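So the structure is just underneath, and the comments pick up after that.
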Amino acid sequence: MSESNNFLEYEETKEVEKEEKFYLASQSQLIWWKFKRHKLAMISFPLLIFLYILAIFADFFAPYNPETRFPAYLNVPPTRIHFFSREVGFRRPFIYNLKRELNPNSFQFIFIEDHMKKYPIRFFVKGESYKFLGFFTSNIHLFGTEEVPIFLFGTDKLGRDLFSRTIYGARISLSIGLVGVFLSFILGVILGGISGYFGGTVDEIIQRTIDFLISIPGIPLWMALSASLPRDWSVVRTYFAITIILSLVGWCGLARVVRGKLLSLREEDFVMAARLAGASEWRIITRHLLPSFASHLIVSITLSIPSMILGETALSFLGLGMRPPAISWGVLLQEAQEVIVVAQRPWQLMPAFFVIITVLLFNFLGDGLRDAVDPYAR
Amino acid sequence: MLYYIIRRIIIIIPLLFILSIVSFVIIQLPPGSFLETYVSTLKLSGTEVSDAEIARLIKLYDLDKPLYVQYFTWIKNIVFHGDFGRSFQWNRPVSQLIGDRIGLTMLISILTILFTWIIAIPIGIYSALHQYSIFDYLFTFLGFIGLALPSFLVALIVVWGAFSTFGISVTGLFSAKFINAPWSWAKIIDMLKHIWVPMVIIGISGTAGLIRTMRANLLDELRKQYVITARAKGLPEKCLIFKYPVRIAVNPLVSTMGWMLPGVVGGEVIVSIVLNIPTTGPLLYSALQSQDMYLAGSFIMILSTLTVIGTLISDILLAWLDPRVRYGGVEK
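Order-wise, the sequence lines are chains A and B. Using the working numbering, the first residue of the first sequence is number 1, and each one after it goes up by one. Using the working numbering, the first residue of the second sequence is number 379, and each one after it goes up by one.
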């Protein structure tokens, strides 16, 4: 009897301790606990980081330079990687060379594997040299093969490795989301801040501008604006122009969040308390207001990255955004515009897969963050 | 109510004014004037343009006057003569080219929104009532994927899938024999057989978003005290849920129609390019590629205007449905 009583007491103290821990925890601690409970967001975050690392160190991860052509391997399907051979059983991954043959029925060239010789896949191989992050020259690639090239995603009509191109394309596609959101963020915070802080006529004008921008269909407007960019602009210039075009509409959502939060927080008790305690306006804004909506800002930012990425992809896909020689996922998909192409070479859709995964991951992350920034809600 | 409607209509007027300025700026964006491009295009195709014709065009659009005069002439022609300028690519007045296409775009957009509601509302209700059930998780997950899928890619994959597995083409909006036929019942029925493909594709992301909103709204309502009261009084569960919380939870959806419309119209434009549907998309696309700016600018202006009007209608509808909105509006 006494034993079970002891046990109950123990349980109770544990409960109390847990509750105390909850009440004593700092805001960031609470957010972290809540965030940890969102499994998908917990998985998404490292995966996104991995994608960005892939993009930053594209030279190292891609086996070939994105412009290198393999004239003997045009429109090659993805290379099959073998782990098993009849003679030795399981062994380290290897590939076979491809033979080009004419299909007597369709009169098209098809590639079949030449089982004469095995070519093992090696890691940290020496290949084409590149300038590592623009600092020093290197020629080490994460993986590769000798003699026979390996194409994880196949090749395009010019015989360029689609895997390498996809990884290089991630540089533009992934960064345009960040840069675009950064621009929207600056515009949104400044204009939303002005709107919420000053109120009155300024507020009215900015709100009407936002209403206006939200009520017009974005894609046709983006198409028109980017179509009027001169064709002879350099890649970098086009890149920034497209980013600006995309963030012209993107800032509205952020401005609304900032304004709404500023308006509601101004009325909160803790702001009043701070004011009564004699805190200066500056201290109230930086120590009390900013931290309490910074987390909401991060959520809005995370959730607006996908629309930027999709916008760039859509524009480039139509040939109105980035143009070759620039490489982005949208540019790569341009080749898949025609049904016939997709029917014959479905691997050209691989970049689309990356687009979808990235957008999905950002949405999961944003969802988890949104739950987490309100740690007091159930 | 009337006061509310009038107030909303007055707000729209400056909006339309800014819209026309934006469209005019887009027309002026490409280097070189409209006339130079027009003349050089005609010369390329072997037609000489007489000086009298050039003089006539200059006079018609006031091309020799400063920009703001050109703008007012442009607006005047639109409002009083329905003349949106000339498409040099087609060598026809813009108004002749866009009539049918705008109508079809709007038809598809509205059908898409209806489709979205029909699918999303029941699923949203189910998910909220069975929170954290297997189907709730399934729908949430599908919803996420739906949000992540860009519509033009779905269109591409659908076209490819239909082509490679069934050998049929799902592009276009009419069967071959109806393409140039005048409107008739047979043509309308033929169109309805094709229209669901773009409708479903454009609707995917909207449906996904709407399910989430509906679920969240209803969950909020279900936690309120009047639900507990009604339950305590012994109201049958079905009657209780559909009579009160669902009705309130649907209200915000009507207001999201105004938000959805721009996205749906934009989606329609890009999907119709991939599916080659004779709506605004392909024509706007080709106009932009050849920098046929009067055509492109007019498209953007009309599409935006219709979207703005659609938003207005949804706002009025909401005020009619939910008295709180119209009184809130009056107090303001």
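For each residue, glycine too, the CB sits at the ideal point set by N, CA and C. Keep in mind that this is a model prediction, so the values were computed, not measured.
Note down the Cα distance separating residue i from residue j, rounded to an integer number of angstroms.
{"i": "Glu17 of chain A", "j": "Glu9 of chain A", "result": "12 Å"}
{"i": "Asn75 of chain A", "j": "Phe109 of chain A", "result": "9 Å"}
{"i": "Val708 of chain B", "j": "Ile501 of chain B", "result": "Residue placement at Val708 of chain B cannot be trusted, given a pLDDT of 39 that sits under 50; what the coordinates show is reported in the next sentence. Approximately 35 Å between the Cα atoms of the pair."}
{"i": "Phe198 of chain A", "j": "Phe293 of chain A", "result": "18 Å"}
{"i": "Ala241 of chain A", "j": "Met569 of chain B", "result": "40 Å"}
{"i": "Thr689 of chain B", "j": "Ile680 of chain B", "result": "14 Å"}
{"i": "Glu12 of chain A", "j": "Ser583 of chain B", "result": "48 Å"}
{"i": "Ile384 of chain B", "j": "Thr483 of chain B", "result": "28 Å"}
{"i": "Asp367 of chain A", "j": "Lys443 of chain B", "result": "54 Å"}
{"i": "Ile456 of chain B", "j": "Ile436 of chain B", "result": "17 Å"}
{"i": "Asn6 of chain A", "j": "Glu19 of chain A", "result": "20 Å"}
{"i": "Ser44 of chain A", "j": "Lys36 of chain A", "result": "12 Å"}
{"i": "Ala697 of chain B", "j": "Met379 of chain B", "result": "8 Å"}
{"i": "Ile186 of chain A", "j": "Leu248 of chain A", "result": "11 Å"}
{"i": "Phe462 of chain B", "j": "Met322 of chain A", "result": "31 Å"}
{"i": "Phe90 of chain A", "j": "Phe84 of chain A", "result": "4 Å"}
{"i": "Pro351 of chain A", "j": "Arg80 of chain A", "result": "19 Å"}
{"i": "Trp33 of chain A", "j": "Leu183 of chain A", "result": "31 Å"}
{"i": "Leu489 of chain B", "j": "Ser529 of chain B", "result": "16 Å"}
{"i": "Phe124 of chain A", "j": "Gly177 of chain A", "result": "31 Å"}
{"i": "Ile453 of chain B", "j": "Phe519 of chain B", "result": "48 Å"}
{"i": "Tyr604 of chain B", "j": "Phe212 of chain A", "result": "38 Å"}
{"i": "Phe402 of chain B", "j": "Gly659 of chain B", "result": "20 Å"}
{"i": "Asp598 of chain B", "j": "Ile678 of chain B", "result": "39 Å"}
{"i": "Met1 of chain A", "j": "Ala526 of chain B", "result": "A caution first: Met1 of chain A carries a pLDDT of 49, below 50, which makes its placement in the model unreliable, though a value can still be read off. Rounded to whole angstroms, Met1 of chain A to Ala526 of chain B spans 58 Å at the Cα level."}
{"i": "Lys99 of chain A", "j": "Ser164 of chain A", "result": "22 Å"}
{"i": "Ile167 of chain A", "j": "Leu393 of chain B", "result": "43 Å"}
Residues of chain B with a CB under 9 Å from the CB of residue i: which are they?
{"i": "Ile356 of chain A", "result": "Ile523, Ala526, Leu527, Pro528 and Leu531"}
{"i": "Val342 of chain A", "result": "Leu534, Ile535, Val537, Trp538, Phe541 and Ser542"}
Just checking my contact of residue i with residue j at CB under 8 Å: how many whole Å lie between their CB atoms?
{"i": "Phe143 of chain A", "j": "Arg171 of chain A", "result": "Not quite, the Cβ-Cβ distance comes to about 20 Å (not below 8 Å), so this is no contact."}
{"i": "Ile685 of chain B", "j": "Val643 of chain B", "result": "For the record, residue 685 of chain B in the displayed sequence is Thr; it is not Ile. Contact flag correct, Cβ pair sits at about 5 Å."}
{"i": "Pro78 of chain A", "j": "Leu152 of chain A", "result": "6 Å"}
{"i": "Gln348 of chain A", "j": "Val342 of chain A", "result": "6 Å"}
{"i": "Pro471 of chain B", "j": "Arg479 of chain B", "result": "Not confirmed; about 14 Å, so no contact."}
{"i": "Arg386 of chain B", "j": "Asp693 of chain B", "result": "6 Å"}
{"i": "Pro614 of chain B", "j": "Leu596 of chain B", "result": "Actually they are not in contact, since the Cβ atoms of Pro614 of chain B and Leu596 of chain B sit about 18 Å apart, beyond 8 Å."}
{"i": "Phe354 of chain A", "j": "Pro306 of chain A", "result": "About 13 Å; that fails the 8 Å criterion."}
For a contact defined as C-beta to C-beta under 7 Å, what are the partners of residue i on chain A?
{"i": "Ser398 of chain B", "result": "Simply none; closest approach about 12 Å."}
{"i": "Ser682 of chain B", "result": "Ile216 and Pro217"}
{"i": "Val643 of chain B", "result": "Pro217"}
Between which residues of its own chain and residue i is the CB-CB distance below 7 Å, once the five residues before and five after are set aside?
{"i": "Ala498 of chain B", "result": "Thr585, Leu588, Ile589 and Met592"}
{"i": "Gly460 of chain B", "result": "Ser473"}
{"i": "Val179 of chain A", "result": "Thr243"}
{"i": "Ser234 of chain A", "result": "none"}
{"i": "Glu147 of chain A", "result": "Tyr119"}
Taking residue i as the query, report the chain B residues whose CB atoms sit under 7 Å from its CB, ordered along the chain.
{"i": "Thr313 of chain A", "result": "Pro528"}
{"i": "Ala336 of chain A", "result": "Leu534"}
{"i": "Val339 of chain A", "result": "Val537, Trp538 and Phe541"}
{"i": "Pro291 of chain A", "result": "Within 7 Å Cβ-Cβ: nothing; Pro291 of chain A doesn't reach chain B, min ~26 Å."}
{"i": "Phe317 of chain A", "result": "Phe530"}
Please list, in chain order, the chain A residues whose beta carbon lies closer than 8 Å to that of residue i.
{"i": "Pro640 of chain B", "result": "Ile214, Ser215, Ile216, Pro217 and Gly218"}
{"i": "Ala594 of chain B", "result": "Those within 8 Å of Ala594 of chain B in chain A number zero; the least Cβ separation is about 11 Å."}
{"i": "Ala610 of chain B", "result": "Residues of chain A passing the Cβ test: none, with the nearest at roughly 22 Å."}
{"i": "Leu393 of chain B", "result": "Arg208, Asp211, Phe212 and Ser215"}
Which residues in the same chain as residue i place their Cβ atom closer than 6 Å to its Cβ, once the five residues preceding and following it in sequence are excluded?
{"i": "Gly196 of chain A", "result": "Arg259, Leu262 and Leu263"}
{"i": "Lys118 of chain A", "result": "Phe94"}
{"i": "Tyr130 of chain A", "result": "Asp59"}
{"i": "Val189 of chain A", "result": "Val258"}
{"i": "Phe513 of chain B", "result": "none"}
Going by beta carbon distance, what residues of the same chain come within less than 8 Å of residue i, once the five residues before and after it are set aside?
{"i": "Ala674 of chain B", "result": "Ile404, Ile405, Leu662, Ala665 and Leu666"}
{"i": "Gly193 of chain A", "result": "Val258, Arg259 and Leu262"}
Please list, in chain order, the chain A residues whose beta carbon lies closer than 9 Å to that of residue i.
{"i": "Phe677 of chain B", "result": "Pro220 and Ala224"}
{"i": "Val647 of chain B", "result": "Pro217, Ile219, Pro220 and Met223"}
Since residue i meets chain B, which of its residues come closer than 8 Å, beta carbon to beta carbon?
{"i": "Pro149 of chain A", "result": "Under the 8 Å cutoff, chain B gives no residues; its nearest Cβ is about 27 Å from Pro149 of chain A."}
{"i": "Leu310 of chain A", "result": "Pro528"}
* To do: Residues of the segment 457–477 of chain B with a CB closer than 7 Å to any CB of chain A: list them in chain order, please.
  => Within the segment 457–477 of chain B, no residue has a Cβ that lies closer than 7 Å to any Cβ of chain A.
* To do: Could you list the residues in the segment 205–237 of chain A with a C-beta less than 8 Å from some C-beta on chain B, going in chain order?
  => From the segment 205–237 of chain A, only Arg208, Asp211, Phe212, Ile214, Ser215, Ile216, Pro217, Gly218, Ile219, Pro220, Leu221, Met223, Ala224, Leu225, Ala227, Ser228 and Pro230 have a Cβ closer than 8 Å to chain B.
* **Where the segment 685–700 of chain B meets chain A: residues whose CB sits under 8 Å from a CB there** => For the segment 685–700 of chain B, residues whose beta-carbon sits nearer than 8 Å to a beta-carbon of chain A comprise Thr685, Val686 and Thr689.
* Along the segment 357–371 of chain A, what residues have a CB closer than 9 Å to any CB found in chain B? -> Hits within the stretch, in order: Ile357, Thr358, Val359, Leu360, Leu361, Phe362, Asn363, Phe364 and Asp367.
* Using a Cβ-Cβ cut-off of less than 7 Å, give me the residues of the segment 506–520 of chain B that come near chain A, in sequence order. => So the list is empty, because no residue satisfies the distance condition.
* Asked: For the segment 25–42 of chain A, which residues have a CB atom closer than 7 Å to at least one CB atom of chain B, in sequence order?
  -> The segment 25–42 of chain A vs chain B, Cβ under 7 Å: nothing.
* Which of the residues in the segment 279–306 of chain A, read from start to end, lie with their CB under 8 Å from any CB of chain B? -> Listed in sequence order: Pro306.
* Asked: Quick one, which residues of the segment 168–184 of chain A are near chain B if we go by CB-CB under 8 Å, in chain order?
  -> Within the segment 168–184 of chain A, no residue has a Cβ that lies closer than 8 Å to any Cβ of chain B.
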